[in-house]
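Residue numbers (this note's numbering): 17 to 414.
Backbone N, C-alpha and C define an ideal beta-carbon position, used for all residues, glycine too.
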Ligand SMILES: Cc1cc2nc3c(=O)[nH]c(=O)nc-3n(C[C@H](O)[C@H](O)[C@H](O)COP(=O)(O)OP(=O)(O)OC[C@H]3O[C@@H](n4cnc5c(N)ncnc54)[C@H](O)[C@@H]3O)c2cc1C
């Protein structure tokens, strides 16, 4: 019998296994993932931003764990020789109503203890000559990294300390009893004293499999990107973000220098037709039915119909997408938007139609499920793992 089985070899599952091993080096831990490698889902398809923690409600898990995660991610990279950079980020207001929201964002960041500088239009032009705006906030600590590389380094560290990281091992059933958890997966059956599930886009299904009363639904939101032509990679030196729409859990289409020297544009947020189908047009009826039949999605849809339709239109017509970026980077043209792979976000939506804003963890006597871990969960993975790890040790010590 294993001590702990972790479902999901994304960055959160791997960080949890790592936290367990660091807290108790002798534990026997197995990580199972249904894909043929680690970090193939959200962890391998994101913006690569080490967030500083500006946006999140003071006191929330996101606010606390993002701030801790920013430092922990950089320290992990230093320890493992992984390239990262800290170019800093500007959140740019381009019209008066956004200025009001930008200032409110600055106050929220201050409550979270995040270092930010206010930047007026003239200084903005001096810092970033190709960016226009009335006012901005500068976050000097925001960094960039390839989270896939971070996850691979975590997996290598785990394997070196005796953890089994098993791929092509989709978990099909979970049965809990008084002494442990019995699992059936593609690679056979397993018994463990405790189970952790970090299943990202499948979090609701895996939680249901574990017998939890699941009142939310994971809804896939595609994040489509473009990249700039190589000749324009010096357009900006920092990450450039718009002021986010307070009604939506997404940050808006931004310009991000990447650690491999490109500049990406995006991501947008379009309702996905498949949880794990990355090519444009991928459809999986089971995934569409899962949210179409969920009352919370209808309520969410009614409240966000206009935004949803305009995101869908801008997904089809590059000119609309471009307009979102031209607000702060007016020199860009449609020809500058070159193809780049999309990502798919796992966002939990409640029955009342609200996106679950914070990270969401759920427990049974022997299981801990990470049910909602959208952005900034890649940045926050190390402290999320430590928190989940503490709960699991509590289960083992009972
Ligand atoms: C477009 C986009 C941009 C983002 N940008 C950022 C950013 O810049 N900074 C940031 O901090 N965060 C960002 N995020 C969020 C971040 O990528 C995720 O929060 C994070 O990767 C979540 O990690 P995870 O391990 O929970 O999930 P995942 O990486 O999705 O891993 C879940 C794993 O579970 C496995 N799994 C699922 N079901 C089963 C099963 N039944 N059996 C076995 N295995 C199973 C899957 O194969 C998968 O490997 C972004 C996300 C997206 C999509």
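Going by other Cβ atoms of all chains shown within 10 Å of its Cβ, with 16 needed for buried, is residue i buried or exposed?
{"i": "residue 358", "result": "buried"}
{"i": "residue 309", "result": "exposed"}
{"i": "residue 94", "result": "exposed"}
{"i": "residue 322", "result": "exposed"}
{"i": "residue 371", "result": "buried"}
{"i": "residue 63", "result": "buried"}
{"i": "residue 383", "result": "buried"}
{"i": "residue 330", "result": "buried"}
{"i": "residue 195", "result": "exposed"}
{"i": "residue 403", "result": "buried"}
{"i": "residue 349", "result": "exposed"}
{"i": "residue 392", "result": "buried"}
{"i": "residue 283", "result": "buried"}
{"i": "residue 333", "result": "exposed"}
{"i": "residue 36", "result": "buried"}
{"i": "residue 106", "result": "buried"}
{"i": "residue 296", "result": "exposed"}
{"i": "residue 325", "result": "exposed"}
{"i": "residue 262", "result": "exposed"}
{"i": "residue 174", "result": "buried"}
{"i": "residue 140", "result": "buried"}
{"i": "residue 240", "result": "buried"}
{"i": "residue 111", "result": "exposed"}
{"i": "residue 311", "result": "exposed"}
{"i": "residue 390", "result": "buried"}
{"i": "residue 299", "result": "exposed"}
Flag residue i as yes when its Cβ comes closer than 7 Å to any non-hydrogen atom of ligand 3, and as no otherwise.
{"i": "residue 388", "result": "Of the ligands this structure carries, namely ligand 1, none is ligand 3."}
Taking residue i and residue j to be in contact with their CB atoms under 8 Å, please state how far apart those CB atoms are, rounded to whole angstroms.
{"i": "residue 171", "j": "residue 25", "result": "7 Å"}
{"i": "residue 208", "j": "residue 18", "result": "4 Å"}
{"i": "residue 103", "j": "residue 273", "result": "6 Å"}
{"i": "residue 154", "j": "residue 133", "result": "4 Å"}
{"i": "residue 292", "j": "residue 360", "result": "7 Å"}
{"i": "residue 85", "j": "residue 396", "result": "4 Å"}
{"i": "residue 28", "j": "residue 214", "result": "4 Å"}
{"i": "residue 12", "j": "residue 30", "result": "A question about residue 12 goes unanswered here, because the residues of the chain that appear run from 17 up to 414."}
{"i": "residue 271", "j": "residue 281", "result": "6 Å"}
{"i": "residue 176", "j": "residue 96", "result": "No, residue 176 and residue 96 are not in contact; Cβ-Cβ is about 12 Å, not under 8 Å."}
{"i": "residue 354", "j": "residue 242", "result": "6 Å"}
{"i": "residue 66", "j": "residue 89", "result": "5 Å"}
{"i": "residue 244", "j": "residue 352", "result": "5 Å"}
{"i": "residue 100", "j": "residue 159", "result": "5 Å"}
{"i": "residue 201", "j": "residue 43", "result": "20 Å between Cβ atoms; not a contact."}
Under the three-state reduction of DSSP, which class applies to residue i: helix, strand or coil?
{"i": "residue 100", "result": "strand"}
{"i": "residue 208", "result": "strand"}
{"i": "residue 70", "result": "coil"}
{"i": "residue 405", "result": "helix"}
{"i": "residue 380", "result": "coil"}
{"i": "residue 54", "result": "coil"}
{"i": "residue 86", "result": "helix"}
{"i": "residue 413", "result": "helix"}
{"i": "residue 64", "result": "coil"}
{"i": "residue 59", "result": "helix"}
{"i": "residue 44", "result": "coil"}
{"i": "residue 76", "result": "coil"}
{"i": "residue 94", "result": "helix"}
{"i": "residue 155", "result": "strand"}
The region 115 to 123 touching the region 212 to 221, judged by at least three CB pairs closer than 8 Å: no
May I have a chain-ordered list of the beta strand (DSSP E) segments no shorter than 3 residues that lie completely inside the region 327 to 372? 354 to 366
Check whether the region 141 to 148 touches the region 241 to 255, taking contact to mean three or more Cβ pairs, one atom from each stretch, closer than 8 Å. yes
Contained beta strand (DSSP E) runs [length at least 3] in the region 241 to 295, N- to C-terminal order: 255 to 258, 270 to 273, 279 to 282
Stretch-stretch touch, CB-based, cutoff 8 Å, three pairs: the region 222 to 236 with the region 365 to 385: yes
Should the region 79 to 99 be called in touch with the region 186 to 200, which here means at least 3 C-beta pairs below 8 Å? no
Whole alpha helix (DSSP H) elements within the region 100 to 131, 4-residue minimum: 112 to 127
For the region 53 to 72 and the region 123 to 133, state whether three or more C-beta atom pairs, one from each stretch, are separated by less than 8 Å. yes
To test your reading of the DSSP string, which unbroken alpha helix (DSSP H) runs of 4 or more residues are found completely within the region 297 to 332? 301 to 308, 311 to 319, 321 to 332
Please go through the region 162 to 246 and give each complete beta strand (DSSP E) segment of 3 or more residues, from N-terminal end onward. 180 to 182, 187 to 192, 197 to 201, 204 to 213, 232 to 243
Touch test, the region 338 to 354 against the region 175 to 185, Cβ-Cβ under 8 Å, three pairs minimum: no
3 or more residues per run - each beta strand (DSSP E) lying fully within the region 128 to 153: 133 to 136
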